[in-house]
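The block underneath contains the structure these notes are about, expressed in structure tokens.
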Amino acid sequence: MKIAVLKESAAGETRIAAIAETVKKFAALGAEVAVESGAGAQASIPDADFAAAGAKVGNRAEVLKGAGIILCINGPEAGELKGAESGALLVGALDPMRRREAVDAYAKAGLEALAMEWMPRITRAQSMDILSSQSNLAGYKAVIDGAARYGRAFPMMMTAAGTVSPAKVFVMGVGVAGLQAIATARRLGAQVSATDVRSATREQIQSLGAKPIFVENVAGIEGEGAGGYATEMSEEYQKAQAELVSSHIAKQDIVITTALIPGRPAPRLISDAQLATMRPGSVVVDMAADAGGNVEGTVAGEEAAKHGVTLIGASNLARSLPADSSALFARNLFNFLSAFWDKEQGRPVLPDDDEIVRGIRLTQGGKVIHERLTAA
């Protein structure tokens, strides 16, 4: 089985879907790995490292010729995959809902497209979860970027010239990214508070030494929403939360927003009027910018000053840490494929009735088969 690793063509992409470590592991399974020349350059992985690990390095046509598995970060256009075998597995983050035409093209080309971002959040799939691995790094980077734009120190400092008060950081949304943001801000010495609509996150917030900020008189979600995500709240809860946020963010120096709802625009957490209550010099990092933003006025990939507040529309922060994000992504892909690898057949065998396979398989036999796409 030949595995092709492509150089990413998406604008601004710095990651690669394999590292020398995973090349060696695939080789140990009996696979042949081919890497497109220059694919790892922005992740600080030269072609020589891949060659030393046993991969063949060449141009795209050479890499794709006869490939039965294609690894990618972002789903390429079907026209970029000429030369791959019919029935080849295309494995990566394929953005199926927003790139439906590309999914149709994969089906037409005879590719079996596997969207890793739709990996079920179940115990045996944790090591395959690209969203968690990339969100972890993004949560860390959001705090670092916020700290870089904040014109004051994070920790309390007692000096002969006086005391510097610690920064106050408020994290909105306590998933993987939010938890890492809390931990990072705490490590930097900030006073941290956090909120979420899921009541089960209260203990997680406290376990990291942060203060939970919750709507007390209106019920949120008891436990988790579907797949560990939050769902939309009632109007009553949204109103109570808005009032709570308004009173709290006015006292904060840095706010990190992380709230996402799968398949829908990001929920609005902070209005322009609420933003205006923050102190001049404060910073807001909107990690949901790519999905429309949690903050009114957010533009993905752009930074703006509004009411004296710096508003950062964070866009795919994992890209700004290409070496580490590539390593984690690559291990996610290897963990998935190796879990289904059949040594006798020398390839992965994906059972139709497996929960993981059903969750991520978009196309098969020339057709789009995933129910989330066929229903739409």
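Position one of the sequence shown corresponds to residue 1 (UniProt numbering), numbered consecutively onward.
No residue lacks a Cβ here, since even glycine has one placed at the ideal position from N, Cα and C.
Leaving out the 5 sequence neighbours to the left and right, which residues in its chain are closer than 6 Å to N136 when beta-carbon positions are compared? Scanning its chain for C-beta atoms nearer than 6 Å, with the 5 sequence neighbours on each side dropped, one finds around N136 the residues V176, Q180, in chain order.
Keeping to the same chain, check which residues put their C-beta closer than 6 Å to that of K211; ignore five residues upstream and five downstream. Once the five neighbours on either side are set aside, the close Cβ partners of K211 are S193.
In chain order, what are the residue ranges of uninterrupted alpha helix (DSSP H) at least 4 long that sit wholly in the region 55-108? Given a length threshold of 4 residues, each whole run of the alpha helix (DSSP H) inside the region 55-108 is given here in chain order: 60-64, 100-108.
From K108, S86, E77, K82, residue whose alpha carbon lies closest to that of A93: With respect to the C-alpha of A93, the residue from K108, S86, E77, K82 having the closest C-alpha is E77.
When you compare the CB positions of G313 and E302, do they come within less than 8 Å of one another, or not? Cβ atoms of G313 and E302: closer than 8 Å.
In terms of DSSP beta bridges, what is S282 paired with? S282 has no beta-bridge partner at all, per DSSP.
Between Q241, D145, G110, S86, which lies nearest to F214 when the distance is taken from Cα to Cα? Residue Q241 is the option with its Cα nearest to F214.
For N335, tell me which candidate among V368, G79, L275, V91 has the shortest Cα-Cα distance. Closest by alpha carbon: V91.
What is the DSSP secondary structure of P267, reduced to helix, strand or coil? DSSP places P267 in coil when its eight states are reduced to three.
Take G228 and list the residues in its own chain whose beta-carbon comes closer than 6 Å to its own, dropping the five residues that flank it on each side. Model confidence at G228 stands at a pLDDT of 49, short of 50, so the residue's coordinates are unreliable and nothing is read from them.
Between the alpha carbons of A300 and T277, how many angstroms are there, rounded? Approximately 23 Å, taken between the alpha carbons.
Beta carbon proximity, A300 to chain B, threshold 8 Å: Absence of chain B from the displayed structure is noted, only one protein chain being present.
Own chain partners of Y140 with C-beta closer than 6 Å, once the 5 adjacent residues on each side are dropped: Excluding positions up to five away in sequence, the list reads Q180, T184.
Would you mind sorting residue 383 into buried or exposed? The rule is 16 or more other CB atoms within 10 Å of its CB. Residue 383 falls outside the range modelled here, since the chain spans only 1 to 376, and no answer is possible.
Going residue by residue through the region 137-201, where are the continuous alpha helix (DSSP H) segments of at least 4 residues, counting only ones entirely within it? Listed in chain order, they are 176-187.
Paired residues, beta bridge with A4 - DSSP: Under DSSP, the beta-bridge partners assigned to A4 are A34, I70.
Whole beta strand (DSSP E) runs in the region 275-336 with 3 or more residues, listed along the chain? If only complete runs of 3 or more residues are kept, the region 275-336 shows the beta strand (DSSP E) at 283-286, 303-306, 309-313, in order along the chain.
Go to I16, then tell me how far its alpha helix (DSSP H) extends in each direction, as first and last residue. Looking at the DSSP string, I16 is not in any alpha helix (DSSP H), and its letter there is neither H nor E.
If you measure between the beta carbons of A84 and I45, is that distance less than 8 Å? Their beta carbons are not under 8 Å apart, which means A84 does not touch I45 by this criterion.
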